[in-house]
Amino acid sequence: MSRFFSEKYAALTPYTPGEQPRGRTYIKLNTNESPFPPSPIALRMARQAAGNVNLYSDPTCMALRKAAAARYKVDTDEVMFTNGSDDILNFAFMAFSDEAHPVVFPDITYGFYPVFAQLNRIPYETIPLKDDFTICADDYVGIGKNIFIANPNAPTGIALPLCDIERIVASNPDNVVVIDEAYVDFGGESAVSLIHKYDNLLVTQTFSKSRSLAGARLGMGFGCKTLMQDLNTLRYSTNPYNINSVTMAAGVGALTDENYFRFACDTVIETRAWTEKELQRLGFEMPPSSTNFIFAKHPSIPGKEMYLQLKEQGILVRHFDAEKLTDYNRITIGSKEEMQTLIETLEKMLCEK
Ligand SMILES: *Cc1c(COP(=O)(O)O)cnc(C)c1O
C-alpha cells in the first residue's frame, strides 16, 4: 500500500478471481467458462465491428437492448447492459443501499457480494444456508432489507423455485431484491417475467457462461423502467462507454443465435448428468446442480488435497478455503472429453489411496 491510498479503502479485501494460468495448458474446470467457442454469428458480427473501433461505442446500447427485448419479451426500457454482470451488481449495491438501507445475502454465495458491500461502505448481514446447502426462502420473507440472491446459488449449484423467489420479492415491497441469474440457463427458473409485476425486482444475467463470451465482458439487467434509470445514472456517471463496440456486436449475435445457445446449454446439461453419475460411482457426494458446475466432495480425500493433486495432473478445479466449503471442490462442466479425463484421473487417484 502506498502512503497515498485512501483510508476508506485500507481495509478492503478484494475479490479473488479463479486462476487464469498462462504457460502450462490445463484442463480448465475452475471458472465456469463455456467449453464452446462463441456462436459463429457472434464472431462474424464482432469481426465486422472491429473495423470501426476508431469510433466510440453506442452508449445507449440500443442494438443490444432491442435484441434482448425481443428475446426476453420485455420493453427496451426494462433492460440494460454492463461490462460483465459484476458491473451491474456493483451499481445495484451503490444505487439502492447505504447506512440506512443495509443488505442481506446468504452466508455461502457469490464471493463478490461482501466485496461490493465493503467497497461501497454498506452494512450487510449474512443468513446461513440450511445444512443441505439450500437457501431457506422463509428467512428472507418480509425481512425489510435489500436482498441479493444468486439463483441458482454459487458455489452450491442449487436452485430455488420461482414461487419462493416471488414470495421474497412480494413480501419486501419497500426493498430492492436482486436475483443474480448467472447460471439460470442451465436449469433454473428465471424471474425475468416478474419484473412487470414488481417494481422492486432486479434480475441480472451474464454472457460469460451460457453464451460463451466471458472474455468479452457483457452482463445484462432486467427491471422496471425507473430501476433501469437509477442504474443508468450511475453507469453514465462512471463510464457510459462501458460496453465496447466489438462486445456489443458479439452480444447481439449471441442473443440472435437461439439454436446455438440451446445447443450449448443442452450439451452442458447432458454432460453434467453423465459426470454426476460417474462421480457418484466413484463415491463422491454432491448437491443437485442446476448450473454448469458440480460442487462435490469425497469421504476419503480432503478438498484441498484433491484440488492440489488434480492440479499436478493438469486439471484445474476451484477450491474454497471457507470452513463450510473446505471439503468440496467446484468442478466446471467442460467438454465430454475433458470430463472423461477428469473421471479417469480421479479414478486412478482413488485407487492409489
Ligand atoms: C460468474 C458470475 C457472475 C458474473 O460474471 P461476469 O463475468 O462479471 O458477468 C455473477 N454472479 C455469479 C454468481 C457468477 O458466478
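Numbering (my numbering), first residue to last: -3 to 349. Even for Gly, the Cβ is constructed at its ideal location relative to N, Cα and C.
Between which residues of its own chain and residue i is the CB-CB distance below 6 Å, once the five residues before and five after are set aside?
i: D323; result: K293 and G299
i: L214; result: F203, T243 and G247
i: F280; result: A292 and H294
i: L275; result: A292
i: L223; result: L198
i: Q16; result: none
i: K332; result: T267
i: I84; result: T78, T200, G215 and G217
i: V180; result: S186
Measuring only from the beta carbon, is residue i closer than 7 Å to any heavy atom that is part of ligand 1?
i: K205; result: yes
i: D195; result: no
i: G211; result: no
i: D181; result: no
i: Y11; result: no
i: Y136; result: no
i: T267; result: no
Contact check, residue i vs residue j under 8 Å by CB: the rounded distance?
i: M302; j: M76; result: Not confirmed; about 40 Å, so no contact.
i: P283; j: F144; result: At roughly 20 Å, the Cβ-Cβ gap does not stay under 8 Å, so P283 and F144 are not in contact.
i: V99; j: F89; result: 7 Å
i: F289; j: T328; result: 5 Å
i: G14; j: T27; result: 4 Å
i: A63; j: L209; result: Incorrect: roughly 14 Å between the Cβ atoms, too far for contact.
i: S286; j: P102; result: That pair is no contact at about 16 Å.
i: D355; j: I123; result: Since the displayed the chain opens at -3 and closes at 349, residue 355 lies outside it and no answer follows.
i: L346; j: L278; result: 6 Å
i: Q114; j: L227; result: Their Cβ separation, rounded to whole angstroms, is 20 Å, which puts Q114 and L227 out of contact at 8 Å.
i: A326; j: P151; result: Looking at the sequence itself, residue 326 is Arg, so the reference to Ala does not match. Right, the Cβ-Cβ distance comes to about 4 Å (below 8 Å), so this counts as a contact.
i: S30; j: S206; result: 7 Å
i: V70; j: V188; result: 7 Å
Output needed for residue i: all residues of its chain with C-beta closer than 7 Å, excluding positions within five of it in sequence on either side, in chain order.
i: K126; result: C132
i: Y11; result: G107, F108 and V111
i: K417; result: Any property of residue 417 remains undetermined from this structure, which presents the chain solely from -3 to 349.
i: E162; result: L190
i: D160; result: A133
i: I118; result: F89, S93, D94, P98 and V99
i: R67; result: L251
i: N240; result: S53
i: G138; result: S167 and N168
Which residues in the same chain have their Cβ closer than 8 Å to the Cβ of residue i, if we skip the five residues on either side of it in sequence?
i: M58; result: T72
i: T341; result: L306, Q309 and I311
i: A166; result: Y194
i: T21; result: G310
i: I265; result: F182 and G183
i: L230; result: F87, M90 and A91
i: I23; result: G310, I311, L312, G330, E334, T337 and L338
i: S81; result: D176, A178, T200, Q201, T202, S204, G215, M216 and G217
i: R40; result: G249
i: P33; result: L39 and S208
i: P157; result: E185
i: K141; result: H97, P98, V99, V100, E121, N168 and N171
i: T271; result: I290, I327, I329, M335, L338 and I339
i: A6; result: M(-3)
| message | What ranges does the beta strand (DSSP E) occupy inside the stretch 272 to 331, keeping only unbroken runs of at least 3 residues that lie completely in it? | response | 289 to 293 and 324 to 328
| request: Kindly provide the ranges of any beta strand (DSSP E) runs that are 3 or more residues long and lie completely inside the stretch 196 to 220, ordered along the chain. | output: 197 to 202 and 215 to 218
| request: Starting from the N-terminal side, write out each stretch of the alpha helix (DSSP H) that is 4 residues or longer and does not extend beyond the stretch 67 to 93. | output: 80 to 92
| task | Can you check the stretch 133 to 197 for any alpha helix (DSSP H) of at least 4 residues that lies completely inside it and give the ranges in chain order? | result | 158 to 166
| request: With a cut-off of 5 Å, give the chain-ordered residues whose Cβ is closer than this to any heavy atom of ligand 1. | output: G80, S81, D82, Y106, A146, A150, D176, A178, T202, S204 and G215
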